[in-house]
Amino acid sequence: EASVMGFAKNDSVKTDNALKDFFSPEFRNRLSAVVEFNHLDLDVIVKIVDREIEKLNEQMASKNITIKLSKKAGEYIAQEGYSDLYGAREIARVINEKIKEPLTDEILFGKLKNGGSVKVTYKKEKLDFVFDI
């Protein structure tokens with residue numbers, strides 16, 4: 023059997039054996055396909071982070087607020103929000119904890135009260151906010 027979509031024959035055999043060990047023949051017979059996924063690389067995860075920041079900017083547009091991430095900040099959020107076990111599911115939570123929550127007071131009462139932009143950078147192992155009002 024040839025390699026399929028970048029998966030080595032050995033991986034395919036391991037998957038087949040795992041399916042046989044775990045599922046009954048009746049259930050396996052109902053499956054139309056088995057799809058295997060690789061872990062995401064950092065570039066793909068950063069693109070997911072960028073998309074989540076785009077969504078956040080759409081939410082902030084009515085307040086005339088824009089949020090920009092430096093490359094290092096995006097990579098930091100990607101690393102914090104991704105795990106091999108759960109994938110990229112935690113990225114939104116990390117953005118909420120590390121960006122949205124710290125900016126809340128600035129949006130309500132501080133530097134972003136009347137709009138503006140904020141550049142999120144990564145310095146000294148933490149996120150840093152630079153405001154342009």
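Mapping the sequence shown onto my numbering, position 97 (from 1) lands on 119, and the numbers just tick up by one.
No residue lacks a Cβ here, since even glycine has one placed at the ideal position from N, Cα and C.
Terminal residues of the continuous beta strand (DSSP E) containing residue i?
| i | result |
| --- | --- |
| residue 148 | 148–154 |
| residue 116 | Careful: residue 116 lies outside any beta strand (DSSP E), inside the alpha helix (DSSP H) at 113–117. |
| residue 142 | 138–145 |
Relative to the alpha-carbon of residue i, which residue among the options has its alpha-carbon at the smallest distance?
| i | options | result |
| --- | --- | --- |
| residue 139 | 52, 83 and 46 | 83 |
| residue 51 | 86, 77, 41 and 129 | 41 |
| residue 97 | 45, 155, 123 and 148 | 148 |
| residue 123 | 146, 78 and 154 | 78 |
| residue 119 | 38, 65, 141 and 102 | 102 |
| residue 150 | 99, 69, 113 and 68 | 99 |
| residue 154 | 144, 145 and 135 | 135 |
| residue 133 | 86, 73, 114 and 34 | 86 |
| residue 71 | 117, 35, 36 and 49 | 117 |
| residue 75 | 89, 38, 65 and 63 | 89 |
| residue 61 | 110, 144, 143 and 152 | 110 |
| residue 66 | 152, 113 and 137 | 113 |
| residue 104 | 80, 121 and 63 | 63 |
| residue 93 | 48, 145 and 43 | 145 |
Here's the rule: buried if 16 or more other CB atoms are within 10 angstroms of the residue's CB, otherwise exposed. What is residue i?
| i | result |
| --- | --- |
| residue 108 | exposed |
| residue 55 | exposed |
| residue 91 | buried |
| residue 58 | exposed |
| residue 130 | exposed |
| residue 125 | buried |
| residue 68 | buried |
| residue 73 | exposed |
| residue 142 | buried |
On the DSSP letters alone, give me the boundaries of the alpha helix (DSSP H) that residue i sits inside.
| i | result |
| --- | --- |
| residue 67 | 64–82 |
| residue 89 | Where residue 89 is concerned, there is no enclosing alpha helix (DSSP H), although the beta strand (DSSP E) it sits in stretches over 87–91. |
| residue 106 | Premise fails: residue 106 is in no alpha helix (DSSP H) and is neither H nor E. |
| residue 58 | Where residue 58 is concerned, there is no enclosing alpha helix (DSSP H), given that its DSSP letter is neither H nor E. |
| residue 130 | 123–130 |
| residue 49 | 47–52 |
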